[in-house]
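J.: Supplied in structure tokens, the structure appears directly below.
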Amino acid sequence: MKPIGLLNGRLIDLNDNIVPMEDRGHQFGDGVYEVTRVYNGRCFALKMHVDRLYRSLRELTIPAVYTYEELAEFHELLIKESGIMEGAIYLQITRGVSPRAHGFPENVVPCLTMSIRPAAAAPDKNKLEGAKGLLIPDERWLRCDIKSLNLLGNVMGKQKANEAGCFEAIQVRDGFVTEGTSSNFFVIKDGVAWTYPRCNLILTGVTRTLIMEKIAPELGVLVVEKKFDEAFLKTAEEAFVSGTNSEITPIITINGKPVGNGSVGPITRKIQEAYWGMIDEECGRK
Numbered sequence: 022m023k024p025i026g027l028l029n030g031r032l033i034d035l036n037d038n039i040v041p042m043e044d045r046g047h048q049f050g051d052g053v054y055e056v057t058r059v060y061n062g063r064c065f066a067l068k069m070h071v072d073r074l075y076r077s078l079r080e081l082t083i084p085a086v087y088t089y090e091e092l093a094e095f096h097e098l099l100i101k102e103s104g105i106m107e108g109a110i111y112l113q114i115t116r117g118v119s120p121r122a123h124g125f126p127e128n129v130v131p132c133l134t135m136s137i138r139p140a141a142a143a144p145d146k147n148k149l150e151g152a153k154g155l156l157i158p159d160e161r162w163l164r165c166d167i168k169s170l171n172l173l174g175n176v177m178g179k180q181k182a183n184e185a186g187c188f189e190a191i192q193v194r195d196g197f198v199t200e201g202t203s204s205n206f207f208v209i210k211d212g213v214a215w216t217y218p219r220c221n222l223i224l225t226g227v228t229r230t231l232i233m234e235k236i237a238p239e240l241g242v243l244v245v246e247k248k249f250d251e252a253f254l255k256t257a258e259e260a261f262v263s264g265t266n267s268e269i270t271p272i273i274t275i276n277g278k279p280v281g282n283g284s285v286g287p288i289t290r291k292i293q294e295a296y297w298g299m300i301d302e303e304c305g306r307k
């Protein structure tokens, strides 16, 4: 089957050259995006993703021209037409098409594009056995709380991790550990989970929010939103990244040195299993 997508709610062949060159998403990264996982043919935490999408649109003053119900229908249509039961749906909204100029154009209509791709149904080796991390400088812009298309800093950081044979690059800004290039970052010390405080320097991840507001309280795990440096990181007993695609991925080495005893920690595993349980319940997965 040809790869399919949606353009402003209309089914398209992804191989067709449809989006104009003067779309501001191409020229300026002037837009926002979301990625939602599909399990058992159902979207997980879609409402949370759409709520964050609307916030990103507001921050960039891009009109929200589609309702939640319409966006939910588009997700369901992609799942139905593609036949993909385990996958990920990418949604992007740009400010629209207009002659290239830095200032916002008037009377321009936002452009929505969506696509779906398969994803593994079973947890991979990194999730089960742990993954490698690499510390790098956080060189991104100062509005990381907006899920914008401006991802060059993230891309460069992820490539550094790839070249080093690592799963994720963990970023450090002004001496403090912030987050991964496509994930949030947690460490466990003395039974307490630590993570960078919510602010403009990190993305408020959907998975992060589920951990902090639902999973950790149910498990009796205290989560502290507080800055910590590399010296503190070296004393951590466990570490993991969280994200829509990463889910809960344990980080067992950083810069080639073990985190704790160098294996998946018990609290990380409990959080991971609780997260999978939430997916099972919401998406009817057995």
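In terms of the numbering used here, the sequence shown is residues 22 to 307.
Each residue gets a CB set at the ideal place from its N, CA and C atoms; glycine is no exception.
State the start and end residues of the unbroken beta strand (DSSP E) segment that holds Ser-263.
T.: 259-264
J.: Compare the Cα-Cα distances from Gly-305 to each of Phe-65, Phe-49 and Asn-38 and report the closest residue.
T.: Phe-65
J.: Beta-carbon within less than 6 Å of Arg-31's beta-carbon, same chain only, minus the 5 sequence neighbours each way: which residues are those?
T.: none
J.: Measure the CB-CB distance between Leu-2 and Gly-46 and report whether it falls below 7 Å.
T.: Nothing in the structure corresponds to residue 2, since the chain is present only between 22 and 307.
J.: Nearest-angstrom Cα distance between Ile-223 and Lys-210?
T.: 21 Å
J.: By a C-beta neighbour count over all protein chains shown, 10 Å radius and 16 as the cutoff for buried, is Pro-279 buried or exposed?
T.: Per the 10 Å Cβ criterion, exposed.
J.: Please return the same chain residues whose Cβ sits closer than 6 Å to the Cβ of Glu-239, not counting the five positions on each side in sequence.
T.: none
J.: Of all the options Ile-114, Glu-184, Phe-197 and Glu-189, which has the alpha carbon lying nearest to the alpha carbon of Tyr-87?
T.: Ile-114
J.: Take Met-69 and list the residues in its own chain whose beta-carbon comes closer than 6 Å to its own, dropping the five residues that flank it on each side.
T.: Val-227
J.: Per DSSP, which residues does Phe-197 bridge with? Please list them.
T.: Answer by DSSP bridge pairing, in chain order: Arg-194 and Asp-250.
J.: With respect to the beta strand (DSSP E) encompassing Phe-15, which residues constitute its N-terminal and C-terminal limits?
T.: Residue numbering for the chain in the displayed model covers 22 to 307; residue 15 lies beyond these limits and cannot be assessed.
J.: Please classify Asp-72 as buried or exposed, where buried requires at least 16 neighbouring CB atoms within 10 angstroms.
T.: exposed
J.: Can at least three beta-carbon pairs, one atom from the region 282-294 and one from the region 256-266, be found at a separation below 8 Å?
T.: yes
J.: According to DSSP, is Lys-307 part of a helix, a strand, or is it coil?
T.: coil
J.: Under 8 Å by Cβ, that's how I've got Asn-276 and Leu-156 pegged, so tell me the actual separation to the nearest angstrom.
T.: 6 Å
J.: In the structure shown, what three-state DSSP assignment does Leu-32 receive?
T.: strand
J.: How big is the Cα-Cα spacing for Ala-142 and Gly-62?
T.: 11 Å
J.: Once the 5 residues before and after Ala-295 are set aside, which same chain residues still bring their CB inside 8 Å of it?
T.: Ile-236, Glu-239 and Leu-240
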